[in-house]
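Below is one structure, written out as structure tokens; comments come after it.
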Amino acid sequence: MKALTKLDGQSYINFRKELSDRGIVFSYSGYLNEDILYGIGNALRIKMITDRTDEKISRAVFSSFVEQVQNVIRYSAETSPEVPLHDELNTPEAIVLPYGLVAIGIHPDGRYFVNCCNIIQSIDTVRISEQLESIRGLDRKQLGVLMRQQLRDGPPEGSKGAGVGFISIAREANGNWEYDIIKNFKDGFDFFTFEAHF
Amino acid sequence: MKNIEISAAQRTPKVSLDVSRRIFEIEGESYPEDTKKFYEIPIAQVLEFLALKHQDEVICKFKFKYFNSSSAKVLMDLFTAIEDSANKGNQVKVEWYFIFDDDNMKELGEEFSEELSYAKFELIEYS
């Protein structure tokens, strides 16, 4: 059978070059689950060992990677459709796979970055930006105090974890993090991206 | 009360409670797929153990390589229960282990120790 289109190798070279020009060493775009987190996390750790990355940096990069990917898994507003396949997948709950992007790389100045992107509902944008603005400019010590306070008080409404993921990342990155939200990526949905630097 | 003996797995720590020797220990990595599911039963038992009256010292050992923020919530619950137990008259000691160059794990220990005033706390470096 004749292919309808010819595979264009050059386009993939361009794609790869775009990633490497951005310093990206690991990247994943697509439906995520905890197995992917574990798999990429493992390869990331091994890569940092073989690169002889400073262990303090490696630990912080790994930790940030776990928190950020778990955030995407818990909060991405874009998921595969919920199909009742409990019996076939042997699970008590319907499985939906959240969609997101993960990129880990090295800046030209040698610092590592961990980036995640996902779609959020526009109605959540204010809450998320307020949460992040409230920790902007806080140093490691202040973030540690805030983290414990939040752990004592319990998770805020709408949180599926301990509600301290971003605080924990900000603390480990010594306050070197940023985020951006692009409004109306789709109708009712905004595009959220978060990056931590080490 | 029964002992707890959960072996470490890829993403979950070893969790043990030796009732007769009064030693609770948690060691390894903690970023479970489902934190609540992993910790719910053993931690409920440890909280129950800490609430009992003990004649001799109770030792709680924390030897983490890594834990994520949802595991930190479990730690906070444990530290609260440890402090309550000490406040009610038990002798309770926390041993927080960290690898010699892991400043972050050392700092986390110091920070969590601020939850304690009646319970004793010791930072222990290992290599």
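Which chain is which? The protein sequence lines are A and B, in order.
Numbered per the numbering used here, the first sequence spans residues 1373 to 1570.
Numbered per the numbering used here, the second sequence spans residues 986 to 1112.
Every residue, glycine too, gets a C-beta built ideally from N, C-alpha and C.
Note that the structure is predicted; figures quoted are calculated from it, not measured.
Of the residues LEU1060/B, LYS1048/B, TYR1024/B, SER1102/B, the one whose Cα lies closest to the Cα of GLY1013/B is LYS1048/B. The criterion of a C-beta distance shorter than 8 Å is satisfied by GLU1042/B and GLN1076/B.
As DSSP reads the structure, LEU1108/B sits in a beta bridge with TRP1081/B. According to DSSP, ASN1072/B shares a beta bridge with no other residue.
Only residues of its own chain outside the window of five on either side were considered, and among them HIS1569 have a CB closer than 6 Å to the CB of ASN1548/A, listed in chain order.
Scanning ASN1546/A, PHE1566/A, ARG1543/A for the CA closest to the CA of ILE1554/A turns up PHE1566/A. In the structure shown, ASP1552/A falls within a strand segment according to DSSP collapsed to helix, strand and coil. Interface criterion met: the Cβ of GLY1516/A is under 8 Å from a Cβ in chain B.
In this structure the region 1505 to 1515 of chain A does not lie against the region 1018 to 1033 of chain B, because fewer than three pairs of beta carbons, one per stretch, are closer than 8 Å. Between the alpha carbons of ILE1011/B and GLU1080/B lies a distance of about 11 Å. Under the three-state reduction of DSSP, ASN1386/A is assigned to helix. For TYR1051/B, the chain A residues whose C-beta falls within less than 9 Å of its own C-beta are ARG1431, PHE1434, SER1435, VAL1438, listed in chain order. Secondary structure note for VAL1043/B: its beta strand (DSSP E) is the uninterrupted segment 1043 to 1052. Taking 8 Å as the cut-off, the Cβ atoms of CYS1488/A and ASN1443/A count as close. Per DSSP, the continuous beta strand (DSSP E) segment holding ASP1003/B begins and ends at 999 to 1003. CA-CA distance, PHE1485/A to VAL1433/A, rounds to 8 Å.
DSSP places GLU1095/B in the helix class (H, G or I) of the three-state scheme. As summarised for the region 1482 to 1554 of chain A, the continuous beta strand (DSSP E) elements at least 3 residues long and confined to that stretch are 1484 to 1493, given in chain order.
Secondary structure of VAL1474/A (DSSP, three-state): strand.
At a cut-off of 8 Å between beta-carbon atoms, TYR1016/B makes contact with chain A. If the five residues before and after LEU1473/A are omitted, its C-beta is found closer than 6 Å to the C-beta atoms of SER1401, CYS1489, all from its own chain and listed in chain order.
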